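Each remark here refers to the structure printed beneath this line.
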Amino acid sequence: MSTSRLPGARAALFLVTLLGVASVAGARPWWLRGAAAGQDQDFLPPDAAFRVAAHIDGNRILIRWIIADGYYLYRDKMQVAAESPDLVVYPLSLPPGARLTDRFFGPRIVYFRAVEATAGYLRSDFGAHPLQIKVTYQGCAQAGLCYPPIVKVIFPDELASAATAQTSNLYSAWELVAIFGGGAAFFLAGLVLRKGRRLPVPGP
Amino acid sequence: MNRKLALVAAVAAAVAAGWAGQRLHSAYAPRTAGRGVAVPAGEASAPTAADVRASAADLAANAREGLGSAIKIPERLPQFTLNGLDGKPASLEPLHGRSLIINFWATWCAPCRQEIPLLQEVDATWRARNFSVVGIAVDHRADVARFAARLKIAYPLMSGEQDALDVAAAFGVVDPAFPFTVFTDDRGRVVALYLGELREPQIRLILAVVQDLNADKILLPAAQLKIKHGLQAIAANNA
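Just so you know, the protein sequences line up as chains L and U, in that order. Read in the numbering used here, the first sequence has 108 at position 108, and its numbers run on one by one without any break. Offset between the second sequence (1-based) and the numbering used here: plus 204.
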């Protein structure tokens, strides 16, 4: 637009431009937040709105989501699948959530703030690969914004819980039996093989 | 005979010892391999124990940059072609010279569905004032067509998947989130991009300012400031 189309507007244009530059220099974007957000806050990026981590707890995987205030996750959009080879992950077991009624979708179960789910797993790779799972989840901001489904591949780490320690001890006991049993069997086999044979012993 | 038996026993013992060694390895090896590798590189880290203790509010407060901050809107309307609901290529070319309200949405998105009746009303009311609403659904065409038929959406709709995401990125929305709506003036300049569900006071404010801009009653920077302050005032009233 040229200023000739607005006679006498040059001073106003200068002033407004100055204000615009000052606004941009303030590095605060003005486009914008949802109407329901009454405070000066922006929408969160999806990875800040929903944070996920997974842990191995004995024979199950524990997956935990931390959900920012004003955001929620849909229960029916949460899934887990095996990603590493020779791994079977069973469907998620999820706690009861809150009920959110939508005009179009009807009542839906959602989670606010945090949710912890578990999934049983079976691995037959004998530890050859780091355990790797793929989690899918989808959520929205209450102020009126939804994120597309988020898919993350994660490596669950092991929980140092008492239950895990007990399980490890149990495994260790059987492993020790097998090792010492194997050693003893070798020794006995050697005795049997030696029976009736004399080893040449160097003379004095 | 005894020797044969002893050999078999020795082999069995070796197998048992090997199995036990492998069990020991599998019990301890993944623990060290998995430690410290939480999510793929470049993505957000998994919550630490401290995060778990922290409230969700703290997490929100600690987010370094909001979604809107990352959006760099273009000065002018980008040119693009997507498919219409009939599957044929469609562009905004036929609407050249009109002010546009370009709404990005998806059928699975509740707030997107929620604001469609308002957009239908705006399309009907403002069409005579040289404004047009265009919907761009980032979704499967069949789902969009079904939903559009159900709601009797009269304004033009386009849809796409990765191609529609590319169009969203051309408007500066690289990390997709829906709905968002772009407002242009009748010269193809992008006046505002509104992230989130539109409600009546917000859309009326923006349209009135764009109308003033089209009529040369206000300049673009002043129009953008007016929208900014108007939206802040609406947000403050809602607080």
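Beta carbons: idealized from backbone N, C-alpha and C, even for Gly. Since we're looking at a predicted model, the values are computed, not measured.
Same chain, Cβ closer than 7 angstroms to residue i, neighbours up to 5 away in sequence not counted
| i | result |
| --- | --- |
| Arg123(L) | Asp86, Leu87 and Leu131 |
| Gln406(U) | Tyr398, Leu435 and Ile438 |
| Pro46(L) | Tyr147 and Ile150 |
Residue i and residue j closer than 8 angstroms at C-beta
| i | j | result |
| --- | --- | --- |
| Ala314(U) | Cys146(L) | yes |
| Lys134(L) | Val153(L) | yes |
| Ala54(L) | Pro156(L) | yes |
| Leu402(U) | Leu44(L) | no |
| Arg302(U) | Asp390(U) | yes |
| Val342(U) | Leu361(U) | no |
| Phe384(U) | Phe308(U) | yes |
| Leu289(U) | Ser336(U) | no |
| Arg331(U) | Gly291(U) | no |
| Leu310(U) | Asp379(U) | According to the sequence provided, residue 310(U) is Ala. The question's Leu does not apply to it. Contact: no. |
| Leu355(U) | Ile306(U) | no |
| Ile340(U) | Ala368(U) | yes |
| Ile357(U) | Gln318(U) | no |
| Arg103(L) | Tyr74(L) | no |
For residue i, the first and last residue of its enclosing alpha helix (DSSP H)
| i | result |
| --- | --- |
| Phe351(U) | Arg345 to Leu355 |
| Ala373(U) | Gln366 to Ala374 |
| Asp416(U) | Glu404 to Asn418 |
| Lys432(U) | Leu424 to Asn442 |
| Pro107(L) | From DSSP, Pro107(L) is part of no alpha helix (DSSP H) but of the beta strand (DSSP E) over Gly106 to Phe112. |
CA-to-CA distance, residue j to residue i, given in whole angstroms
| i | j | result |
| --- | --- | --- |
| Val413(U) | Lys430(U) | 7 angstroms |
| Val219(U) | Ile150(L) | 46 angstroms |
| Ile422(U) | Cys316(U) | 31 angstroms |
| Arg280(U) | Phe375(U) | 9 angstroms |
| Ala98(L) | Arg51(L) | 19 angstroms |
| Trp223(U) | Leu92(L) | 32 angstroms |
| Pro95(L) | Pro298(U) | 52 angstroms |
| Asn59(L) | Val192(L) | 42 angstroms |
| Leu304(U) | Leu411(U) | 10 angstroms |
| Pro293(U) | Phe351(U) | 20 angstroms |
| Asp327(U) | His129(L) | 57 angstroms |
| Asp57(L) | Trp65(L) | 16 angstroms |
| Tyr359(U) | Ser84(L) | 47 angstroms |
| Val110(L) | Thr101(L) | 10 angstroms |
| Gly392(U) | His300(U) | 8 angstroms |
| Ala443(U) | Gly106(L) | 27 angstroms |
| Asp76(L) | Val338(U) | 31 angstroms |
Within chain C, partners of residue i - CB distance below 7 angstroms
| i | result |
| --- | --- |
| Arg103(L) | Structure shown: chain C not included; protein chains present are L and U. |
Beta-carbon proximity list for residue i, same chain, < 6 angstroms, skipping 5 on both sides
| i | result |
| --- | --- |
| Ala36(L) | Residue placement at Ala36(L) cannot be trusted, given a pLDDT of 34 that sits under 50; the coordinates are not used to answer. |
| Gln283(U) | none |
| Lys276(U) | Gly376 |
| Val371(U) | Phe284 |
| Ala49(L) | Ala68 and Tyr71 |
| Tyr90(L) | Ala119 and Gly120 |
| Ser295(U) | Thr285 |
| Gln79(L) | Thr136 |
| Leu62(L) | His55 and Thr118 |
| Asp416(U) | Ile422 |
| Gly183(L) | none |
| Trp312(U) | none |
Distance cut-off 7 angstroms: residue i Cβ against heavy atoms of the ligand GTP
| i | result |
| --- | --- |
| Asp343(U) | The ligand GTP is absent from the structure shown, which contains no ligands of any kind. |
Residue range of the beta strand (DSSP E) that includes residue i
| i | result |
| --- | --- |
| Arg99(L) | Ala98 to Asp102 |
| Lys421(U) | That residue, Lys421(U), is in no beta strand (DSSP E); it is neither H nor E in DSSP. |
| Ala358(U) | It is not in any beta strand (DSSP E) - Ala358(U) carries neither H nor E in the DSSP assignment. |
| Phe155(L) | Unbroken run through Phe155(L): none, as it is neither H nor E. |
| Phe384(U) | Phe384 to Thr388 |
| Ala396(U) | Val394 to Leu399 |
8 angstroms CB neighbourhood of residue i in its chain, flanking five on each side removed
| i | result |
| --- | --- |
| Pro278(U) | Ala374, Phe375, Gly376 and Val394 |
| Asp125(L) | Ser84, Pro85, Asp86 and Leu87 |
| task | Entirely within the region 265 to 350 of chain U and at least 4 residues each: give me those alpha helix (DSSP H) ranges in chain order. | result | Runs found: 314 to 330.
| query | Which full runs of the alpha helix (DSSP H) of 4+ residues lie inside the region 45 to 94 of chain L, going along the chain? | reply | Here the runs fully enclosed are 46 to 49.
| Residue ranges of each beta strand (DSSP E) run of no fewer than 3 residues wholly in the region 110 to 145 of chain L, ordered along the chain? | As far as the region 110 to 145 of chain L is concerned, its whole beta strand (DSSP E) runs of at least 3 residues are 114 to 123, 133 to 137 and 139 to 141.
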